[in-house]
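Counting in my numbering, the sequence shown runs from 45 upward without gaps.
Even for Gly, the Cβ is constructed at its ideal location relative to N, Cα and C.
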Amino acid sequence: MNKPIRMLLAAAAIFAVGAGVYASAPSGIAAPAAKDAKAGDKGHGGKGHGEKGDAHGDEGIVRMTDAKVAAAGIEILTAGAGTLRDSIVLNGILQPNQEALVQVTPRFPGVVREIKKRIGDTVEKGELLARIESNQSLTVYEMRAPISGTIIDRQISLGEYASEQKPAFIVADISTVWVDLSVYRRDLPRVRIGDTVQIDVGDGGKPIEAQLSYVSPVGSSDTQSALVRAVVANESMRLRTGLFVSARLILAAKQVPVAVKGSALQSVENRNVVFVRNGDKFETRDVEIGARDFENVEIVFGLMDGDRYAARNSFVVKAERGKGEASHDH
């Protein structure tokens, strides 16, 4: 084989080896760049930790529909001018109005021959209560109601001896009752006739508001307290004499420009906040509080007259806010 042919064969062999090496080399040289691009898409497309879900939009915002608010028992009230009251809590008892009560006593001693009324019966003035046979004349005379009212006590029985020394019946007009309350000596200097008292009957109903009509000039050595009294209309016979009651005696009142219910206040990160209703969401408002009483709180800064806020069950809104913050941390 001549020299030129050998040279051509060698060149062809070298070319074939080079092509084989190139074909076996990795083809993913650009793969790291593509991987970086994919990682970048994951970091910026979709929701990251800085974004909120649908229920919690901006920071401090809680979205709740009106239906959910109603189901949670959240009461929405309007902030505005209010009255703060200094008060004390008293205990007492319901008594018959002694100025509208009559003890019915037999005119003559004798034997009870007939009884027409019993405890709890209502009577009209002049209505027959009982018949008694006099021991003196052996004739039967009648006992009649001296006033209209209710029989609250009866001390005679059929066939027994009735004495003029003991009332046979007690008839009371219970359309009004006395609320007798005890005031301890340390509080007596602040109590005056005409002061307002809010009486809690203990039946779950609305408190009854009345004014003191009597402050006793003497006290009790046993309890170191004195009696004060209010005369209260007994509407629907709600008040039953003999039962205990509690009452809040209002001693002073202060008008403030903006007040909310005490139940509206919540604490978030050691800050006093109120949740203000705006559309279908609650906004968390930092507030500065002033004076307060047993029911209302003065708002010095953070709310305006007319703002609608969560009053009763506002803690539900706080819980929803906490859920939103917890979900953003993961």
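Reducing DSSP to helix, strand and coil, say where residue i ends up.
| i | result |
| --- | --- |
| Q310 | strand |
| P211 | coil |
| K298 | strand |
| G193 | strand |
| E327 | strand |
| A174 | strand |
| G366 | helix |
| D224 | strand |
| K112 | helix |
| S201 | coil |
| F359 | helix |
| I218 | coil |
| K305 | strand |
| T127 | strand |
| G334 | strand |
| I105 | strand |
| N340 | strand |
| E168 | coil |
| E95 | Bear in mind that a pLDDT of 38 at E95, under 50, signals an unreliable position, so the model cannot answer this. |
Count the other CB atoms, across all protein chains shown, that sit within 10 Å of the CB of residue i; report buried if there are 16 or more and exposed otherwise.
| i | result |
| --- | --- |
| Y353 | buried |
| G238 | exposed |
| E313 | exposed |
| L347 | buried |
| V360 | buried |
| M281 | exposed |
| L173 | buried |
| F326 | buried |
| L287 | exposed |
| F213 | buried |
| V148 | buried |
| G366 | exposed |
| N322 | exposed |
| L182 | exposed |
| K305 | buried |
| N340 | buried |
| K161 | buried |
| R230 | exposed |
| R315 | exposed |
| G126 | buried |
| F319 | buried |
| D247 | exposed |
Return the chain-ordered list of same chain residues with a C-beta closer than 7 Å to the C-beta of residue i, the five sequence neighbours on each side being excluded.
| i | result |
| --- | --- |
| V221 | L138, Q139, P140, N141, V276, N278, L283 and T285 |
| T267 | S226 |
| L202 | V156 and I159 |
| V133 | S290 and R292 |
| Q180 | F152 |
| E186 | L172 and R175 |
| D224 | G136, I137, Q139, L271 and R273 |
Within the same chain, show all residues whose beta-carbon is closer than 8 Å to that of residue i, passing over the 5 residues directly before and after it, in chain order.
| i | result |
| --- | --- |
| T194 | G164, D165, T166, V167, V215, A216, D217 and I218 |
| S207 | P150 and P153 |
| L295 | R129, D130, S131, I132, R234, V235 and D239 |
| R336 | L128, G306 and E342 |
| G117 | R356, N357 and V360 |
Which partner residues does residue i have in the DSSP bridge list?
| i | result |
| --- | --- |
| N278 | Bridge partners of N278: none, in fact. |
| A291 | L134 and I243 |
| L121 | Y353 |
| A270 | V227 and G263 |
| A206 | G154 |
| M187 | A174 |
| R284 | In DSSP, R284 forms no bridge with anything. |
| V318 | R329 |
Tell me which residues share the same chain as residue i and place their Cβ nearer than 6 Å to its Cβ, disregarding the 5 neighbours each side in the sequence.
| i | result |
| --- | --- |
| Q310 | V317, S358 and K362 |
| Y228 | S269 |
| V302 | A123, I343, L347 and D349 |
| Q242 | P251, E253 and R292 |
| S37 | Because the chain spans 45 through 374 in this model, residue 37 falls outside it and cannot be assessed. |
| S264 | none |
| G334 | E342 and V344 |
Give a yes or no on whether 8 Å exceeds the smallest Cβ distance from residue i to chain C.
| i | result |
| --- | --- |
| I120 | Checking the listed chains, one finds no chain C in this structure; it contains a single protein chain. |
Completely contained beta strand (DSSP E) runs for the stretch 134-162, where each covers 3 or more residues: Complete beta strand (DSSP E) runs here, min 3: 145-148 and 154-159.
Which residue spans inside the stretch 227-263 form an unbroken beta strand (DSSP E) run of at least 3? Within the stretch 227-263, the complete beta strand (DSSP E) runs of at least 3 residues are 240-244.
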